[in-house]
Every structure is written in structure tokens, then in C-alpha cells.
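Structure record follows, encoded as C-alpha cells.
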Amino acid sequence: MSLLELGDVHIAYGNVKAVKGIDLVVNDGEIVTLLGANGAGKTTTLRAISGLLRLQSGVIRFGEHELQTMPAHKIVELGICHVPEGRRVFGTLTVEENLNLGAYKYRNDPGRVQSGRERVYQLFPRLEERQRQLAGTLSGGEQQMLAIGRGLMSDPRVLLLDEPSLGLAPKLVQEIFRTICEINRQGVTILLVEQNARIALRVAERAYVLETGRIALSGESLELRRDPRVQQAYLGVKEAAGLS
Amino acid sequence: MALFIEQLVNGLTVGAVYSLVALGYTMVYGVMRMINFAHGDFFMIGSYLGFTLVSSALLGGAIPLWAALIVVVVLSMAGVAIIGVIVERAAYRPLRRSSRLTAVVSAIGVSIFLQNAVMLIWGPRYRAYPPWSVPSITWQVGGIYINFMQVLILAVSFGLMVALYLFVQRTTVGAAIRATAIDHDTARLMGIDVDQIIRLIFLIGPALGAAAGVLLGLYYRQIHFTVGWTYGLKAFTAAIMGGIGNIPGAMVGGLLLGILEMLGAGYISSAWKDVFVFLILILLLMFRPTGLLGERIAEKV
């Protein structure tokens with residue numbers, strides 16, 4: 002059953018068209034990944050879903066709601082949370098304050114905020130040790146954990162993750178992705194934007210490949226991993242012609 | 021030595037008032053990266069509202085004078101807070117996506133509008149708070165004299181500053197204000213309504229300015245529709261001194277500026293006290309534009 006659906010979405014920055022008519026479906030409970038090179042329009046698409054950017058035309062449907070004219074804070078209240086690229090934790094606020102802001106829509110319900118924090122600390126025990134520390138003093142990996150944890154505080158049905166592996170050591174990337182799968186098992190639907198196609202195709206059930214604002218390919222991750230075009234462009238597999 | 025301590029107390033008194041006004045500049049700058057050049061006029065309107073309330077029957081004697089004065093302060097704060105929210109909605113919000121220069125020009129327009137509105141309502145002459153509005157009580161503490169108004173100003177100003185500090189540092193909405201100051205888009209992703217936070221800033225800032233206006237009106241007694249610029253510029257200097265955008269900085273900057281001004285007045289010449297203030301502004305902008313306390317830079321990765 003489709004939970005989030007983009008229909009013929011066009012987005013422009015001034016006169017520059019960044020997204021030129023994409024259709025995309027995310028079903029309830031899935032992990033779907035959006036792949037593509039720099040400037041293909043991945044981040045733009047996520048920013049449009051979360052209401053930071055307005056569409057030129059098209060629809061974004063979430064259950065029975067249409068999101069394209071809704072302000073960003075209402076979209077969070079409906080149950081979509083966007084964890085932005087580059088983590089964007091509030092550096093001069095403590096870890097705990099960052100988490101509490103993630104639960105801003107529950108600000109009048111301290112019990113709910115408390116149980117949200119407990120859930121995040123269970124997923125990322127390291128954050129609990131550092132709860133009184135300023136977020137700006139955390140390491141890159143810890144900041145990524147905080148960004149994801151902060152996103153979970155709003156108890157979203159859909160989590161939009163933008164480049165969670167950016168700038169992290171390979172071992173940490175593995176750890177973050179294990180947690181992403183765990184979050185998905187808890188019932189959160191995930192739309193994942195990644196440069197690291199190898200790992201993204203391993204965790205996601207389905208994938209879309211964006212090229213200069215259009216969807217070039219889409220399908221099951223397993224199929225895409227075997228697709229020679231994907232192998233060559235995104236998985237770094239050299240063409241084997243002439244060797245066999 | 022007695023002169024020094026006396027001028028120190030005088031300096032703290034006017035400094036506390038500068039701090040209240042400086043907080044408005046610093047909070048608006050922190051959240052919107054804009055200098056609200058109409059902010060001094062909120063201070064001025066506060067002093068006029070206070071004047072009208074004091075002159076009316078309110079101080080009839082049903083409650084003690086000090087309590088009546090606090091009621092005047094609170095009512096003036098409420099009135100100016102409403103004006104602040106209207107100004108933000110009408111003059112700044114439509115320009116949210118324009119350049120900063122456009123917003124500054126709009127702010128100067130608001131300032132001219134408010135000054136002329138006050139001139140038309142209350143008249144172009146100086147007005148004076150009635151002499152009976154403040155009890156002439158003076159206490160002698162260890163060789164120096166402190167009067168009733170100084171105690172009232174210090175109590176109200178510090179009370180308001182402590183309340184603001186606790187609100188911003190200890191509550192979730194306060195954290196939302198700090199988060200919005202760091203990064204509007206990420207604040208939106210937390211579900212924070214940034215327009216609502218800006219409205220809140222334009223409620224708190226003008227209200228603090230109005231409290232300062234009433235207190236200084238009661239202290240010096242004379243008010244005029246142009247005082248917003250003089251005191252606004254002084255408070256702006258205080259905000260720069262503490263590092264603009266920095267809330268505790270504005271508090272410290274105001275107190276420091278008041279003390280420097282009064283020491284200059286006491287030891288050099290009171291006719292030159294405004295010169296000292298603006299000399300400090302010029303020197304700060306030339307050599308230390310991030311303020312004495314240094315800017316608290318938000319770590320952006």
C-alpha cells in the first residue's frame with residue numbers, strides 16, 4: 002500500500018529546473034533508496050517532500066493528505082521527518098536539548114518526550130552518555146546518530162534520510178546502517194538518499210536512480226545491482242568486455 | 021571614592037535600562053540577522069503610554085504607589101507588545117525573502133511612522149511625568165544615597181532579565197528560539213513554526229523596550245517623541261558591545277555602557293556623556309565588531 006507518493010513533480014531554483022517531472026512511490030514499511038550523482042536532484046526532492054521547497058507543479062500525497070502547499074512544521078506533525086544532509090545538529094545546544102526539539106510537536110506532553118528519549122538512547126547508547134554535552138563537541142559519527150535520533154523524536158511514520166554515510170569512517174557507516182534497518186523493523190518507513198550506492202542497495206528493497214532531474218531507472222534493489230548501467234555508473238564495476 | 025560609588029550606582033541604573041532595550045536588538049538580530057532600527061521607537065512609545073497611564077486616575081491611591089507603578093509598567097509592556105507584533109506582520113514579514121537592506125529601509129520607515137504618529141497623538145512638545153508620580157524617598161546606604169526610582173529600576177530590570185534568561189535557557193520554546201537563531205531550515209524540520217517564533221521575538225523585544233521606556237521616563241521625567249533614536253542608538257551600542265545576537269552579552273553590555281557613561285559624566289563632564297557612548301560605538305565597530313565577549317558562533321558542520 003502506498004504511503005508516500007510523488008506525481009509528476011517539477012521543482013526549479015529561479016530559472017534552473019532541478020527536478021523535471023518525477024513519479025515515485027514509497028510503500029508502508031519499506032526502505033526505498035534514491036540514488037544519483039551530485040546535482041541529480043535527490044536532496045531537492047527530499048526538501049520538497051518536507052516542505053522546505055515549493056513545487057513548480059505536481060502533487061505529493063501522504064495518505065489522504067496533499068503536502069505540496071503545506072508548511073514544513075505541519076508536515077512534521079503529520080508524521081514525516083527529514084534528517085538533513087550534513088547532520089545540522091544545533092551545535093550550541095546540548096544533546097538532550099537537540100532531542101527535545103525533535104519532539105517539538107509533543108512539547109506539552111513531557112511523558113511522550115521522555116519515552117522518545119529512552120527509545121533513542123536504546124538505539125544509540127553513546128548519546129545517553131553525552132546527553133549534557135554541547136552537540137557541537139560530538140564527533141561526526143555521534144552527530145549523525147544525534148541527527149537520526151532527533152528525527153525519531155517526532156515519532157514519524159516516514160523518515161527521510163539524506164546522506165547518512167557522508168564523511169563517516171567505513172566501520173561507522175556499517176553501524177549507522179545496522180541501526181537504520183533496526184528503525185525500519187520498528188515500523189518506520191524510510192526514504193534514503195545515498196551516494197554510497199553499494200550499501201544503499203543492500204538495505205533497500207527498491208531503488209530509484211535520478212539523472213539530471215529525471216528518473217532514469219527504478220526497480221527492486223536486487224535487479225538494479227545486476228544492471229550493468231548501475232554497476233558501471235554507481236557501483237564502480239569495470240566493464241568486463243573482452244576478458245571472457 | 022564616594023563619587024565613584026555614586027556614579028557606579030547611577031551607571032548601573034541607566035545601564036539596566038540600556039540592557040532591556042539592547043535585548044530587543046540582539047534577539048531580533050539573532051533570529052532574523054536584521055537590525056530593527058524601529059526598536060528605539062518601541063522604547064519611546066512605552067514611555068508615552070506610561071506617561072498617559074501615570075497621569076490618568078490610575079495612581080488614585082487604592083494600591084501602594086510602587087505597586088501602581090508596576091501595573092503601569094506591565095500595561096505599557098502589553099500595549100507595545102501588540103504594536104510590535106503588528107509592525108512585524110505589516111512591515112517585516114512581507115519582506116522575509118528580500119535582501120537585508122530592504123528590511124532595514126522598511127525599519128527606518130516604521131521608525132518615522134511611529135515617531136510621527138506619537139507626535140500627532142501626544143503633541144510635538146516635551147511632556148513631563150507629573151512630579152507626584154514617584155515618591156521622593158532616598159535611602160542612605162554606607163555613605164551613598166540611593167533613591168526610590170533607582171531601586172525600582174534595578175528591581176524591575178533584573179527581574180525581567182532573569183525571567184527572560186530562564187525562559188530562553190530552560191524551556192523547550194526557549195530552545196526553539198535558540199535553534200531558530202542557528203538555522204531556520206533545520207528548525208522547520210523539527211516542526212518549529214519559524215514565523216511564530218519571530219512573532220514571539222517581536223512580542224518580547226518591544227515589551228522589554230516599553231518597560232525600559234516607562235522606567236526611564238519616571239527617572240528623568242521628561243519625554244519627547246524623538247528620544248527613541250538617542251536611546252535606541254545607545255542600546256544598540258550596548259548590544260554590539262556584548263556581541264550582537266548574544267542575550268547575556270546584551271545584558272552585560274548595557275550595564276557596562278551605563279557605568280562607562282556615568283563615570284565619564286562624573287569625572288570628565290556630564291555635557292559630554294553622549295560623546296563617550298558614541299565614541300565607544302565607533303571604536304567597537306572599528307576594532308572589535310564581534311563585541312567584547314566575542315560572538316557565540318554556531319557550529320555549522
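Quick mapping for you: the protein sequence lines, in order, are chains A and B. When we follow the working numbering, the leftmost residue of the first sequence carries the number 2, and every step to the right adds one. When we follow the working numbering, the leftmost residue of the second sequence carries the number 21, and every step to the right adds one. Virtual Cβ for every residue (Gly too), placed ideally from N, Cα, C.
Along the chain, where does the alpha helix (DSSP H) containing residue i start, and where does it finish?
i         : result
B:Phe-296 : 293-307
B:Lys-254 : 247-261
B:Ile-132 : 120-142
B:Leu-95  : 85-107
B:Ala-195 : 192-202
B:Leu-283 : 267-287
A:Val-114 : 111-124
B:Phe-71  : 59-75
A:Leu-153 : 141-153
A:Leu-100 : 96-103
B:Arg-116 : That residue, B:Arg-116, is in no alpha helix (DSSP H); it is neither H nor E in DSSP.
B:Thr-310 : Run containing B:Thr-310: none; DSSP gives neither H nor E here.
A:Val-204 : 198-204
A:Ile-50  : 43-50
So, under 8 Å CB-CB, residue i and residue j are touching, yes? Tell me the CB distance rounded to an integer number of Å.
i         : j         : result
B:Leu-95  : B:Leu-73  : 6 Å
A:Arg-88  : A:Gln-145 : 6 Å
B:Gly-70  : B:Gly-269 : Between B:Gly-269 and B:Gly-70 the Cβ distance is about 27 Å, and since that is not below 8 Å, they are no contact.
A:Pro-85  : A:Asp-163 : 6 Å
B:Ile-164 : B:Val-29  : 7 Å
A:Lys-43  : A:Val-194 : 4 Å
A:Val-231 : A:Ser-219 : Rounded, the Cβ-Cβ distance is 11 Å, inconsistent with contact.
B:Ala-207 : B:Ala-195 : With 8 Å as the limit, B:Ala-207 and B:Ala-195 do not qualify as a contact, their Cβ atoms being about 10 Å apart.
A:Leu-5   : A:Val-27  : 4 Å
B:Ile-212 : B:Ala-199 : 7 Å
A:Val-96  : A:Ala-148 : Between A:Ala-148 and A:Val-96 the Cβ distance is about 11 Å, and since that is not below 8 Å, they are no contact.
B:Val-176 : B:Val-41  : Rounded, the Cβ-Cβ distance is 14 Å, inconsistent with contact.
A:Ile-32  : A:Ala-205 : 5 Å
B:Ile-224 : B:Tyr-49  : Contact flag wrong, Cβ pair sits at about 14 Å.
B:Ala-123 : B:Met-47  : That belief does not hold up - the Cβ atoms of B:Ala-123 and B:Met-47 are roughly 15 Å apart, past 8 Å.
Exposed or buried, which one is residue i when buried takes at least 16 other CB atoms within 10 Å?
i         : result
A:Ala-242 : Its pLDDT being 48, under 50, A:Ala-242 is placed unreliably in this model, and the value from its coordinates should be taken loosely. With fewer than 16 other Cβ atoms within 10 Å, it is exposed.
B:Phe-222 : buried
A:Ser-58  : exposed
A:Met-154 : buried
A:Asp-24  : exposed
B:Arg-316 : Only weak support exists for where B:Arg-316 lies, its pLDDT of 49 falling under 50; the coordinates are left without a value.
A:Lys-172 : exposed
A:Gly-188 : exposed
B:Gln-160 : exposed
A:Leu-244 : Caution applies to A:Leu-244, whose pLDDT of 44 falls short of 50 and renders its modelled position unreliable; the model cannot decide the point.
A:Asn-16  : exposed
B:Gly-278 : buried
B:Phe-57  : buried
B:Phe-298 : exposed
B:Asn-266 : buried
B:Tyr-287 : exposed
Output the boundary residues of the beta strand (DSSP E) element that contains residue i.
i         : result
A:Tyr-209 : 207-212
A:Leu-35  : 32-37
A:Ile-191 : 190-194
A:Ile-216 : 215-221
A:Val-84  : 81-84
A:Leu-161 : 159-163
In the DSSP assignment, what are the bridge partners of residue i?
i         : result
A:Tyr-14  : A:Val-17
B:Thr-46  : According to DSSP, B:Thr-46 bridges with nothing at all.
B:Asn-30  : According to DSSP, B:Asn-30 bridges with nothing at all.
A:His-66  : A:Phe-63
B:Tyr-165 : B:Gln-160
B:Ala-148 : B:Gln-242
A:Ile-184 : Partner(s): none; A:Ile-184 has no beta bridge.
A:Asn-28  : A:Ser-3
A:Gly-8   : A:Val-60
A:Leu-135 : A:Thr-95
A:Ile-23  : A:Val-10
Would you say residue i touches the ligand HEM, meaning its beta carbon is less than 7 Å from a heavy atom?
i         : result
B:Phe-256 : No copy of the ligand HEM appears in this structure; indeed no ligand is present at all.
Residues in the segment 194-206 of chain B having any Cβ partner in chain A nearer than 8 Å: Ala-195, Ala-196, Arg-198, Ala-199, Ile-202, Asp-203, Asp-205, Thr-206
Near-chain B residues of the segment 134-168 of chain A (beta-carbon distance less than 7 Å), N- to C-terminal order: Gly-137, Gln-144, Ser-155
Interface positions of the segment 212-223 of chain B facing chain A (Cβ-Cβ less than 7 Å), listed along the chain: Ile-212, Asp-213
Interfacial residues, the segment 104-126 of chain A to chain B, with Cβ spacing under 7 Å: Tyr-105, Lys-106, Arg-108
Short-range partners of chain B found in the segment 72-88 of chain A, where Cβ spacing is below 9 Å: Correct list: Pro-72, Ala-73, His-74, Lys-75, Ile-76, Val-77, Glu-78, Cys-82, His-83, Val-84, Pro-85, Gly-87, Arg-88.
Members of the segment 43-70 of chain A that neighbour chain B once the beta carbon cut-off is set at 9 Å: Within the segment 43-70 of chain A, the residues whose Cβ lies closer than 9 Å to some Cβ of chain B are Arg-48, Ser-51, Gly-52, Leu-53, listed in chain order.
Near-chain A residues of the segment 154-174 of chain B - C-beta to any C-beta below 9 Å: none
Chain-ordered residues of the segment 116-136 of chain B with a beta carbon less than 8 Å from chain A: none
Chain B contacts made by the segment 11-32 of chain A, where a contact means CB separation under 9 Å: none
Chain-ordered residues of the segment 166-197 of chain A with a beta carbon less than 8 Å from chain B: Within the segment 166-197 of chain A, contact with chain B at the beta-carbon level (separation under 8 Å) is assigned to no residue.
Contact residues within the segment 53-87 of chain B, judged by C-beta distance below 9 Å to chain A: none
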